[in-house]
Amino acid sequence: MDCVTAKRMLREQFRSVLESCSIGRAFERGPLEEVLDVIRRTRGHTYVVAIGKSATGMTDQLIRRSGMTPTAGVVAGPAVGDWSHPRVRTFEGGHPMPNKESMDAATTALSMIRGMTDQDLVIYLVSGGGSACFELPIHETITLADLVEMNRLVISRELTIVETNTIRKHLSKVKGGRLAVTAAPAQQLTLYISDVPRGYPSFVASGPSMPDDSTVQEMDTLIRRHRLTSVFPNSIKALIRRGVVPETPKSEHPAFRTARWFKLLDNDDAVRAAVGFAEQSGWKPVVAEIADNISARDAARILIRRAEDEIRGLNGQPVAVISGGELVSPVLGRGRGGRNQAFALECAELIAGKRVSVLSVGTDGIDGNSRAAGAVADGRTLARARAAGLGVATVREASDSHGFFDRLGDTIVTGPTGINVRDLRVVLAW
0 MDCVTAKRML REQFRSVLES CSIGRAFERG PLEEVLDVIR RTRGHTYVVA
50 IGKSATGMTD QLIRRSGMTP TAGVVAGPAV GDWSHPRVRT FEGGHPMPNK
100 ESMDAATTAL SMIRGMTDQD LVIYLVSGGG SACFELPIHE TITLADLVEM
150 NRLVISRELT IVETNTIRKH LSKVKGGRLA VTAAPAQQLT LYISDVPRGY
200 PSFVASGPSM PDDSTVQEMD TLIRRHRLTS VFPNSIKALI RRGVVPETPK
250 SEHPAFRTAR WFKLLDNDDA VRAAVGFAEQ SGWKPVVAEI ADNISARDAA
300 RILIRRAEDE IRGLNGQPVA VISGGELVSP VLGRGRGGRN QAFALECAEL
350 IAGKRVSVLS VGTDGIDGNS RAAGAVADGR TLARARAAGL GVATVREASD
400 SHGFFDRLGD TIVTGPTGIN VRDLRVVLAW
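Residues in the sequence shown are numbered from 0 upward in steps of one, following numbering that gives the first Met the number 0.
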């Protein structure tokens with residue numbers, strides 16, 4: 000194998016992962032029969048609320064595969080495009096910040112599900128990105144501009160997604176299970192695609208239809224720890240300081256007695272698909288469980304060292320070290336890029352001159368503020384960059400990893416994929 004072949008195969012591997020993690024495939028593998036059984040037994044009306052990056056795809060697959068005709072529905076996503084259904088209203092919600100359509104979608108959904116009976120069914124289709132594109136503040140004094148500023152401040156502090164959504168849940172009328180409470184006593188069914196760490200399903204899109212384990216006290220602690228209280232908009236600051244932010248509904252709330260939740264996809268599915276491709280390609284797959292939210296630089300060192308350790312004694316069989324989850328890459332400058340291209344940049348220095356190639360991609364097709372999903376790098380990347388007048392240190396300081404890989408022709412551009420099951424990294428050594 001040479002570097003060109005290795006990078007080509009890594010690109011093919013990512014395409015294979017996206018095909019395996021398509022929403023249609025997920026419905027085929029998932030709990031379709033159980034969902035159909037619930038729909039068949041429903042005597043009253045059936046409503047659909049779909050939010051997030053996969054909102055249109057999930058709604059389309061549900062309607063096609065179940066044959067159901069919803070009484071009414073709301074679909075809110077950051078890119079709904081030309082998808083339509085005569086009984087479903089669509090909203091182009093904001094992302095990563097909420098917009099007016101985000102609030103209109105939430106208002107419409109609340110009106111639609113309010114007053115349901117125990118004979119009715121509401122199906123929630125929830126995916127990553129839903130926190131921004133479906134939103135309504137907890138108090139009327141909080142404006143859209145206040146919500147945007149609050150989200151900007153929280154994101155700037157580099158909290159984990161669980162911490163970020165703990166704050167969002169408590170300041171929203173539709174997050175943290177509050178949407179489900181509005182729909183009670185109806186039958187409630189949630190299908191979700193997870194973009195959060197394993198074991199935290201109620202944090203997908205800030206859990207509008209699931210009981211919330213986080214508390215107001217935890218929110219207060221996070222806000223103080225990250226020095227957000229003094230810089231939050233006055234409307235939010237006043238609620239927090241007065242101690243009147245209401246607690247979110249917990250698992251014992253009666254609204255959840257008639258609720259069920261099913262996972263369609265998560266990061267483990269992407270990793271499994273990558274492992275399958277590696278096996279079919281004759282590589283030895285090694286799944287590396289690294290801590291979420293460590294730096295791109297530390298992750299590069301860990302995964303490359305693991306690949307070099309694994310390759311010893313294999314008599315020429317390539318090794319693919321595969322890792323999921325999301326890394327941290329601080330924004331230092333005004334360039335373009337994201338955590339995946341930043342990881343590939345760190346790897347480029349460490350693998351210079353070696354028989355190692357690297358893939359790092361976001362499954363949603365979007366890496367940071369760039370147009371790419373991620374990038375590939377190999378043992379020749381650093382030499383090619385120097386020949387082109389590119390320096391890793393300068394690029395790192397400018398946070399312009401996208402400019403670096405774009406110049407070399409090593410970005411991976413898919414456009415929005417319609418799914419988000421976090422990131423995927425592969426270190427291939429031979």
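Heads up, the beta-carbon is just placed ideally off N, CA and C, and yes, glycines get one too.
Remember, it's a predicted structure, so these values are computed and weren't measured experimentally.
- For the segment 255-335, the full-length alpha helix (DSSP H) segments reaching 4 residues or more read 266-279, 295-310 along the chain.
- For the pair of segments examined, the segment 291-303 was found not to touch the segment 376-390: the number of CB pairs separated by less than 8 Å stays below three.
- Burial of G337 is indicated by the presence of at least 16 other C-beta atoms within 10 angstroms of its C-beta.
- For F13, the enclosing alpha helix (DSSP H) has its first and last residue at 2-19.
- Distances from the CA of Y199 to each of N164, R63, S369, Q187 were compared; the closest alpha carbon is that of N164.
- For I303, same chain residues with a beta-carbon under 7 Å away, outside a window of 5 residues either side, are C346, L349, I350, V355, V426 in chain order.
- With fewer than 16 other CB atoms across the displayed protein chains lying within 10 angstroms of its CB, T68 is exposed.
- Separation of A204 and G352 (C-alpha to C-alpha, rounded to the nearest whole angstrom) is 43 Å.
- Of all alpha-carbon atoms in E217, S229, N233, L178, the one lying nearest the alpha-carbon of G206 is that of L178.
- Rounded to the nearest whole angstrom, the CA to CA distance from A108 to V73 is 6 Å.
- In terms of Cα proximity to V195, the closest of A376, A237, G128, H252 is G128.
- Three or more Cβ pairs closer than 8 Å define a contact, and the segment 6-20 falls short of that threshold against the segment 30-40.
- A Cβ-Cβ separation of about 6 Å places M149 in contact with P232 under the 8 Å criterion.
- The beta-bridge partner set that DSSP reports for G72 consists of V47, V87.
- From the listed residues E278, F342, S322, the smallest Cα separation to Q316 is found for E278.
- Residue state for P136 is assigned as strand, using DSSP reduced to three classes.
- Membership of R395 in any beta strand (DSSP E) is not indicated; the residue belongs instead to the alpha helix (DSSP H) covering 391-397.
- With a 10 Å radius around the Cβ and a threshold of 16 neighbouring Cβ atoms, T142 comes out exposed.
- By the 16-neighbour rule on beta-carbons within 10 angstroms, P253 is exposed.
- Remark: C-beta atoms of L188 and V34 approach each other more closely than 8 Å.
- According to DSSP, R424 shares a beta bridge with S322, S359.
- Exposed is the label assigned to K99, since fewer than 16 other Cβ atoms lie within 10 Å of its Cβ.
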